[in-house]
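Structure first, commentary second.
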Amino acid sequence: MEAEGMMFVGDKGKVLAGFHGENPRLIPEERTKQYATANPAPGPQFGGRGEGVTPWIAACRGGKPTYGDFLLAGPISDAFNLGAVSLRLGGRRLLFDAANVKVTNIPEANKNIEKAGS
Numbered sequence: 524m525e526a527e528g529m530m531f532v533g534d535k536g537k538v539l540a541g542f543h544g545e546n547p548r549l550i551p552e553e554r555t556k557q558y559a560t561a562n563p564a565p566g567p568q569f570g571g572r573g574e575g576v577t578p579w580i581a582a583c584r585g586g587k588p589t590y591g592d593f594l595l596a597g598p599i600s601d602a603f604n605l606g607a608v609s610l611r612l613g614g615r616r617l618l619f620d621a622a623n624v625k626v627t628n629i630p631e632a633n634k635n636i637e638k639a640g641s
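In this note's numbering, the protein residues as written are 524 to 641.
The following block contains the structure:
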């Protein structure tokens, strides 16, 4: 076990990872095994040197989305940003209404949240 790390606690379980988010695992360990069985890791997306741009260009032209697709990255960024807002409020749990872009249980948290383009 590492000396430092982080733990994300949710309604359905916990994720324990290294200080930089590396080597994540579900707690209890049995959950990690169940998840790995149900969700096998994807294979490599590109073949070799210089080919990393090819899938991105294809996606820009309406092809298959890349693993770094903005539709995936947006909600992930929202989750991390809400974590930062929670930390500013002493680690309090936030209930977020994504459709209205606001925290519903701690009104003062909303001063740290801004809609895109505002």
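Virtual Cβ for every residue (Gly too), placed ideally from N, Cα, C.
Excluding five sequence positions before and after PRO598, none of the CB atoms of its chain fall closer than 7 angstroms to its own CB. Around the beta carbon of VAL626, 16 or more other beta carbons sit within 10 angstroms, so the residue counts as buried. Residue burial annotation: ALA632 is buried, with at least 16 other C-beta atoms found within 10 angstroms of its C-beta. Rounded to the nearest whole angstrom, the C-alpha separation of ASP592 and GLY613 is 32 angstroms. If you draw a straight line from the Cα of PRO551 to the Cα of HIS543, it comes to about 21 angstroms. Residue pairing from DSSP places LEU539 in a beta bridge opposite MET530 and ARG548. Straight through space, the alpha carbons of ALA561 and VAL608 are spaced by roughly 33 angstroms. Along the region 582 to 638, the beta strand (DSSP E) does not occur as any fully enclosed run of 3 or more residues. When the Cα atoms are used, LEU594 and THR577 turn out to be separated by approximately 19 angstroms.
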